[in-house]
Structure formats: structure tokens, C-alpha cells
Amino acid sequence: MTDGRREEWERRHRGTTAGAPEPSVVGMIAELPRGPALDIAAGTGRNSLALARADFAVVAVDYSAPALEAIALASRAEDLPIKPVMADLTAGLPFRSHSFAAVLNVNFLERELVPDLVRVLKPGGALLFDTFLIDEVGVGHLRDSRFALGHYELRELLCAMELRRYREGLVEYPGGRRAWRATALAFRR
Ligand SMILES: C[S@@+](CC[C@H](N)C(=O)[O-])C[C@H]1O[C@@H](n2cnc3c(N)ncnc32)[C@H](O)[C@@H]1O
């Protein structure tokens, strides 16, 4: 990465710890097939921790060293099965095909990575994809429209999968914060 975004994420994650998991993860965790799980662009691990507390063995990938350190600390403190892996996701996923029963992609958008997310899923495995919609740009903290989904773009990106749940709209969080998001739960055929 040469555009300074990695350094910016390292700065943002330094000294921080995981917050509450994304509501969609909490809401759909019971629908995820059991087995090894992958959390891409995991940040400080709020969703990895939720998965591991629900008895998934989790691989958490990010390119930010402080984020991965926070995950390692939190998982050690609770003795949870989370393996932090440093990787730049613009280079693809460093895992064998059919490795995971579930993949999480939350608050991250690298469109070219989608075929790779499907590749690493076992047949019948699930991808939970949840990130910002274009409506959020300039309204919330998201300023760059490249990192926001167009309307029904997620459905198109996942067209090779069996879509079990799909939603676009305003999500309301405890405390009153709101965000425009697209959420999908899709299964590998
Ligand atoms: C908005 S945070 C989301 C973190 C987490 N998924 C969550 O929902 O809390 C985006 C994360 O993507 C990571 N990231 C951004 N670009 C990346 C890349 N090319 N390779 C690996 N990680 C990346 C950042 O370090 C950051 O932790």
C-alpha cells in the first residue's frame, strides 16, 4: 500500500480495543454453518470475538499491526480460538480453497476480492457481507464513495451464490446512531 491508508488504519487502531459486534453478526450467527470461520479486515476484532465466543475457531485477517495486537490480547484474555493473520487483502486471500465454513466481511469493500471470498468457502459455506451504502457518504463518517456500495450492487456482486437474506436500508444502533447499509447472507452452491 503506498497511499497512506494502511498507516492511517494503524494510527486509528493504536491503543483501541474491540467495541460491540455488528448487529447483523449477532443476529445471524446462529445461521452460520459450524466450522472454521474467517473474518476479513477484522479491525480490533469485535466480530471475531463474537464468533469465537459462539464456539467458532476464527482466523482474523487485517493489515494493521495494532489491530492484530488488540485481537491477540483480547483472545488470550478470554482464551478464545482466534488466530490473527497479517495480510494485505488487495493481494487476495492467502488461504486454500474450501478452507472455511463461514466468512465475515463487515465494514470493508474490496470488490475484486469477492470471488476469492467464495473460493475459500467450503461448498455450503456462508458469507455474511455487511457494509455501507452510497447513501451514507457525506452523511456519516464515510467520505469516499469508492468504499460504499451502490443500490443492489451487493446482490449483483454475490450473484454466483445462493442469497438467503438481503437487506438495504437504514440500520439503527443502540444509542441512536444510524447508518445506511447493505447486508447479505449468501451460501456457496
Ligand atoms: C472499517 S474497519 C472494519 C473493521 C471490522 N471489520 C469491523 O467491522 O469492526 C476496516 C478494516 O480494514 C482494514 N483494511 C483496510 N484495507 C485493508 C487491506 N488492503 N488489507 C487488509 N486489511 C485492510 C483496516 O486496517 C481496518 O481494520
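Using the working numbering, the first residue of the sequence shown is number 1136, and each one after it goes up by one.
The beta-carbon is built from N, C-alpha and C at its ideal position, and this holds for glycine as well.
Check: Can you give the Cα-Cα distance for E1247 and P1171, rounded to whole angstroms?; Outcome: 23 Å
Check: Alpha carbon to alpha carbon, how far is M1136 from L1289?; Outcome: Since pLDDT at M1136 reaches only 46, below the 50 mark, its modelled position is unreliable, and the value read off the structure follows with that caveat. Each residue's alpha carbon lies about 25 Å from the other.
Check: Where G1275 and S1232 are concerned, what is the direct C-alpha to C-alpha distance, given to the nearest angstrom?; Outcome: 36 Å
Check: With C-beta atoms as the reference, is E1325 less than 8 Å away from P1201?; Outcome: What the structure shows of the chain is the stretch from 1136 to 1324, and residue 1325 is not part of that stretch, so it cannot be assessed.
Check: Could you tell me the alpha carbon to alpha carbon distance between G1154 and D1190, rounded to whole angstroms?; Outcome: 19 Å
Check: Return yes when the Cβ of F1235 is within less than 8 Å of the Cβ of L1186, no when it is not.; Outcome: no
Check: Following the continuous alpha helix (DSSP H) through V1238, name the residue where it begins and the one where it ends.; Outcome: No alpha helix (DSSP H) contains V1238, which is instead part of the beta strand (DSSP E) from 1235 to 1241.
Check: DSSP three-state label for V1160, please.; Outcome: helix
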